[in-house]
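There are 2 protein chains.
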Amino acid sequence: MQQIIDFKNSASILSYYSVVGKSEKEGPIGECFDEYCEDDMFGKSSWEQSESEMQRLALKGALEKAELSATDIELLIAGDLLNQCVGSTYGLLDFNIPYVGIYGACSTCALGLALGGALLSGGVCDKCASVTSSHFCSSERQFRFPLEYGGQRTPTSQWTVTGSGAFVLGREGDIKIKSAVFGKSIDMGVKDINNMGAAMAPAATDTILRFFQNSSHRVEDFDMIVTGDLGYEGSEILKDLLLSNDLDIRKNHVDCGLVIYDRFSQDKHAGGSGCGCSASVLAGNILKNMQSGAIKDILFIGTGALMNPMTLYQGQSIPSIAHLVHIGR
Amino acid sequence: MQQIIDFKNSASILSYYSVVGKSEKEGPIGECFDEYCEDDMFGKSSWEQSESEMQRLALKGALEKAELSATDIELLIAGDLLNQCVGSTYGLLDFNIPYVGIYGACSTCALGLALGGALLSGGVCDKCASVTSSHFCSSERQFRFPLEYGGQRTPTSQWTVTGSGAFVLGREGDIKIKSAVFGKSIDMGVKDINNMGAAMAPAATDTILRFFQNSSHRVEDFDMIVTGDLGYEGSEILKDLLLSNDLDIRKNHVDCGLVIYDRFSQDKHAGGSGCGCSASVLAGNILKNMQSGAIKDILFIGTGALMNPMTLYQGQSIPSIAHLVHIGR
């Protein structure tokens, strides 16, 4: 069985665009995002519609950067955290592009890039786009408490990023999606909805190990090994689990949830999370550094927790998943 | 832009398996389903877990029919109607297969077959599987009312099928997935949560028209043009919309939602719906008729409404989608 899917140099990221909210703009890498909104509403009257609007703005921005129109895009691959992925559905309606809905929770950005890369390398399409988002306010009331309730957060809880990232994919381009590893659902029995990092770290471990065990690459080949949103707790667990499997990524590891907010001044507890976390950091920061030549090769591992609140009320634990893409020049 | 994706004879359905509940077993095609459960619980203690169990049983059955084990399958493509697609996540955990979560509402079966076909024809994998499900009780309380409330149903409302269908896909096999058309999200302004057929019919119309406008096929080439779950209301609208575009499918049209229950004796109002409707009818009935030689070529069009209850409370209308696969011997 093929563990790593090689895209044979025929899948590229042609353009990328990030849209974020106020907290993200005020964070340590705030300057790098392409667009933001001071009140997180993006001119809409509900948080869910604001999230959809972020996706619309992100795809519009990515299309403009690539100097393409919606009719050039053959497939739209998108999803988000909202029930029935309505962020994507309503946000991307206007583009009138054939639409593949995906669900990978916070791993959606990596899943979309992996799937897009697979379809491009397989000759199924010549151009496609991948979009995802999350919004702190729509997520909080759907997964945890109404914001007005002012619930106290535990130290291991993460802060859902208000942000969206869109990527236009094609064959020719400097930045290649070189290969992908599709994640397996892994459930190690974690039941704490406020500790997603611990739930997701074993899935990231499995995917990263499968990559290195099935390729000739070494950790040193990569400028960065980027995880989506494990946060402080999950990142430490990941590094420990990998070390116990004789893989040391401590020098190269970067977690998007740890770079998007300032740990001390912004009070986001264990770091950022949400589909928009890894998507906006990749589009806003990492790919720009790759374009400029500052970095050359990365592994990008989106991590997602696949539960919903009801399954936890019913006493089930949290299955997680991590999809990996190797991105490089 | 490529409207129809040709799978070049390299994508086949190797096996298929259907699991249903009591009402479906008692319906006009009840005899054809592979497995059923008298009390719809499948030995589990919640409806959501029962739905997951149906997916597990369906994939297990399909693997056994194909004489394959889980390790032979490179990718699992699955999704369902439950928030965050937890039917699939929990149901398919045990198989330990790399997992691509998809969301297409009731179009999920067709979306999974289209995506699986694309990945096979593109050489991305050699074997994959596609699974989906729905459960009347888990859907009803999530999308409409608690069952205990005993809410009166409107004449245009459909009955979510308790059922699951699993398909093992590979290269060599008698039954081919010949081509696919990925659907576009279409929103014609329908806001009635109890009239999904009307919301989905325009999406099916768009997809079917794109197929016939971009291929040399005529309606007569197909033994059946099968829609997923438009029900009585939506099926009539579809046929009218196509007729007004000079396409007459009245002789060939079959809707899975209309064949699974008896209109008069079973009191399911406008017919069956849900991801499990088209999946179980395709796996339980249609593919068996194709295997036996009774039919040779069909178009299978999964139809899905992509809203959630909150978007309707917020005054938005119902965007819908229809994915098409051409299946034949």
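Sequence lines, in order, name chains E and G. Here our numbering is used: the first residue of the first sequence is 233, the next is one more, and so on. Here our numbering is used: the first residue of the second sequence is 233, the next is one more, and so on. Here a beta-carbon is modelled for each residue, glycine too, at the ideal position from N, C-alpha and C. Given the structure is predicted, the values throughout are model-derived calculations rather than measurements.
| request: Quick one: grab the DSSP three-state call for Met420/E. | output: For the purposes of this step, residue 420/E is taken as residue 188 along the first sequence, with counting starting at 1. In this structure, Met420/E counts as coil in the three-state DSSP scheme.
| Per-residue contacts from Lys416/G into chain E (C-beta, under 8 angstroms) | Taking the first residue of the second sequence as 1, we reach residue 416/G at position 184. The contacting residues are Asn328, Ile329, Pro330, Tyr331.
| query | In three-state DSSP terms, what is Ala430/E? | reply | Taking the first sequence and counting its residues from 1, the one referred to as residue 430/E is at position 198. Look at Ala430/E here: in three-state DSSP terms it is helix.
| task | Check whether the segment 473 to 491 of chain G touches the segment 429 to 439 of chain G, counting contact only when three or more Cβ pairs, one atom from each stretch, lie closer than 8 angstroms. | result | The segment 473 to 491 of chain G is in contact with the segment 429 to 439 of chain G.
| query | Hey, does Thr394/G have any beta-carbon neighbour from chain E nearer than 7 angstroms? | reply | The count along the second sequence starts at 1 and reaches residue 394/G at position 162. Not closer than 7 angstroms to any Cβ of chain E, the Cβ of Thr394/G fails to qualify, so no.
| task | Would you mind giving the Cβ-Cβ distance between Val458/E and Ile527/E, rounded to the nearest angstrom? I have them listed as a contact below 8 angstroms. | result | Here the question's residue 458/E lines up with position 226 in the first sequence. Here the question's residue 527/E lines up with position 295 in the first sequence. About 10 angstroms separates the CB atoms of Val458/E and Ile527/E; that is not less than 8 angstroms, and the two are not in contact.
| task | Please determine, among Ala350/G, Glu465/G, Phe265/G, Val422/G, the residue with the shortest C-alpha to C-alpha distance to Ala290/G. | result | Taking the second sequence and counting its residues from 1, one reaches residue 290/G at position 58. Out of Ala350/G, Glu465/G, Phe265/G, Val422/G, Phe265/G has the C-alpha closest to the C-alpha of Ala290/G.
| request: Compute the beta-carbon to beta-carbon distance between Gly397/E and Gly508/E, rounded to the nearest angstrom, for a pair I have assumed lies under 8 angstroms. | output: As a working note, residue 397/E is residue 165 in the first sequence. As a working note, residue 508/E is residue 276 in the first sequence. Yes, they are in contact, since the Cβ atoms of Gly397/E and Gly508/E sit about 7 angstroms apart, within 8 angstroms.
| Where Cys357/G meets chain E, residues with beta-carbon distance less than 8 angstroms | Locating residue 357/G in the second sequence gives position 125, where the first residue counts as 1. Using a Cβ-Cβ cut-off of 8 angstroms, Cys357/G is close to Gln234, Ile237 of chain E, given in chain order.
| request: Since I believe Glu280/E is in contact with Ser370/E (beta carbons under 8 angstroms), could you give me their beta-carbon distance rounded to a whole number of angstroms? | output: Taking the first sequence and counting its residues from 1, one reaches residue 370/E at position 138. Taking the first sequence and counting its residues from 1, one reaches residue 280/E at position 48. At roughly 5 angstroms, the Cβ-Cβ gap stays under 8 angstroms, so Ser370/E and Glu280/E are in contact.
| request: Would you decide whether Asn427/G is buried or exposed? Buried here means 16 or more other CB atoms lie within 10 Å of its CB. | output: As a working note, residue 427/G is residue 195 in the second sequence. Around the beta-carbon of Asn427/G, 16 or more other beta-carbon atoms lie within 10 Å, marking it buried.
| message | Per the DSSP calculation, Glu267/E is bridged to which residue(s)? | response | Sequence index remark: in the first sequence, residue 267/E carries index 35 (1-based). Answer by DSSP bridge pairing, in chain order: Val251/E.
| said: By the 7 angstroms beta-carbon criterion, what residues does the segment 531 to 543 of chain G contribute toward chain E? | reply: Of all residues in the segment 531 to 543 of chain G, only Leu538, Met539, Asn540, Met542, Thr543 come within less than 7 angstroms of chain E when Cβ atoms are compared, listed by chain position.
| query | If you draw a straight line from the C-alpha of Gly460/E to the C-alpha of Lys276/G, how long is it? | reply | Residue mapping note: residue 460/E aligns to position 228 of the first sequence, counting from 1. Residue mapping note: residue 276/G aligns to position 44 of the second sequence, counting from 1. Using only the alpha carbons, I get a separation of about 34 angstroms.
| Range covered by the alpha helix (DSSP H) that runs through Ile469/E | Here the question's residue 469/E lines up with position 237 in the first sequence. Following the DSSP letters along the chain, one finds Ile469/E inside the alpha helix (DSSP H) bounded by residues 463 to 475.
| field | Any alpha helix (DSSP H) of 4 or more consecutive residues that is wholly inside the segment 301 to 357 of chain E | value | Here the runs fully enclosed are 318 to 323, 340 to 353.
| query | What are the boundary residues of the beta strand (DSSP E) that Gly395/G is part of? | reply | What you label residue 395/G is simply residue 163 of the second sequence in a count that begins at 1. Bounds of the beta strand (DSSP E) holding Gly395/G are 395 to 402.
| Is the Cβ of Gln316/G closer than 7 angstroms to any Cβ of chain E? | Here residue 316/G is taken as the residue at index 84 of the second sequence, counted from 1. Under the Cβ distance rule, Gln316/G counts among the residues neighbouring chain E, one pair being separated by less than 7 angstroms.
| query | For the putative contact between Phe368/E and Ala294/E, defined by C-beta atoms under 8 angstroms, what is the C-beta separation to the nearest angstrom? | reply | Position 136 of the first sequence, counted from the first residue, corresponds to residue 368/E. Position 62 of the first sequence, counted from the first residue, corresponds to residue 294/E. Contact between Phe368/E and Ala294/E does not hold, since the beta-carbon distance rounds to 23 angstroms and is not under 8 angstroms.
| query | Just how far apart, CA to CA, sit Gly466/G and Asp478/G? | reply | Mapped onto the second sequence, residue 466/G falls at position 234. Mapped onto the second sequence, residue 478/G falls at position 246. Near 18 angstroms, if we compare the C-alpha coordinates of Asp478/G and Gly466/G.
| request: Name the two residues that bound the continuous alpha helix (DSSP H) containing Met522/E. | output: As a working mapping, residue 522/E is identified with position 290 in the first sequence. Under the DSSP assignment, Met522/E falls in the alpha helix (DSSP H) whose first and last residues are 519 to 523.
| message | 7 angstroms is my cut-off, CB to CB: does Tyr335/G come that close to chain E? | response | On the second sequence, residue 335/G is found 103 positions in, with the first residue counted as 1. Chain E contact via Cβ: present.
| query | Would Ser411/G count as contacting chain E if we go by Cβ distances under 7 angstroms? | reply | Looking up residue 411/G in the second sequence gives position 179. Ser411/G does not count as touching chain E.
| message | Bridge partners for Asp272/E per DSSP, in chain order? | response | In the first sequence, residue 272/E corresponds to position 40, counting from 1. For Asp272/E, which the question treats as bridged, DSSP gives no partner whatsoever.
| request: Kindly say whether Gln287/G, judged by its beta-carbon, lies nearer than 7 angstroms to any beta-carbon of chain E. | output: As a first step, residue 287/G is located in the second sequence; it is residue number 55 there, counting from the start. No, because no Cβ of chain E sits closer than 7 angstroms to the Cβ of Gln287/G.
| query | Mind checking Phe444/E: buried by the 16 CB within 10 Å criterion, or exposed? | reply | Translated into positions along the first sequence, residue 444/E becomes position 212. Buried, because 16 or more other Cβ atoms sit within 10 Å of the Cβ of Phe444/E.
| request: Report the rounded CA-to-CA distance for Gly395/G versus Ala412/G, giving the unit in angstroms. | output: Here the question's residue 395/G lines up with position 163 in the second sequence. Here the question's residue 412/G lines up with position 180 in the second sequence. The alpha-carbon atoms of Gly395/G and Ala412/G are separated by roughly 24 angstroms.
| query | Within 10 angstroms of its Cβ, does Thr340/E collect 16 or more other Cβ (buried), or is it exposed? | reply | As a position in the first sequence, residue 340/E is number 108, starting the count at 1. With at least 16 other beta carbons inside 10 angstroms of its own, Thr340/E counts as buried.
| request: Classify Asp271/G as buried or exposed, calling it buried when 16 or more other Cβ atoms lie within 10 Å of its own Cβ. | output: Along the second sequence, one-based indexing puts residue 271/G at 39. In this structure Asp271/G is exposed. Its beta-carbon is surrounded by fewer than 16 other beta-carbon atoms within 10 angstroms.
| What does Pro551/G touch in chain E if you count any residue whose Cβ is under 8 angstroms from its own? | Stepping through the second sequence from its first residue, residue 551/G is reached at position 319. Think of a sphere of 8 angstroms around the beta carbon of Pro551/G: the chain E residues whose beta carbon falls inside it are Thr321, Tyr322, Leu325, in chain order.
| the segment 403 to 412 of chain G contacting the segment 305 to 316 of chain G, beta-carbon criterion three pairs below 8 angstroms | Contact between the segment 403 to 412 of chain G and the segment 305 to 316 of chain G is absent, with fewer than three C-beta pairs closer than 8 angstroms.
| message | If contacts are defined as beta-carbon pairs under 8 angstroms, then Glu283/G and Gly319/G qualify, I think. What distance do you get, rounded to the angstrom? | response | Counting from one through the second sequence, the residue named residue 283/G turns up at place 51. Counting from one through the second sequence, the residue named residue 319/G turns up at place 87. At roughly 4 angstroms, the Cβ-Cβ gap stays under 8 angstroms, so Glu283/G and Gly319/G are in contact.
| query | Can you tell which of Gly489/E, Gln235/E, Ile530/E has the C-alpha that lies nearest to the C-alpha of Cys357/G? | reply | Working through the second sequence from its first residue, we reach residue 357/G at position 125. When only C-alpha atoms are compared, the closest one is Gln235/E.
| message | Once the 5 residues before and after Gly503/E are set aside, which same chain residues still bring their CB inside 6 angstroms of it? | response | Counting from 1 along the first sequence, the entry for residue 503/E is found at position 271. Here the set comprises Gln390, Gly463, Tyr464, Gly489, Leu490.
| request: Output the boundary residues of the beta strand (DSSP E) element that contains Gly536/G. | output: For this step, residue 536/G is matched to residue 304 along the second sequence. Residues 529 to 537.
| Using 7 angstroms as the limit for Cβ to Cβ distance, is Ala350/E near chain G? | As a working note, residue 350/E is residue 118 in the first sequence. A Cβ of chain G is located within less than 7 angstroms of the beta carbon of Ala350/E.
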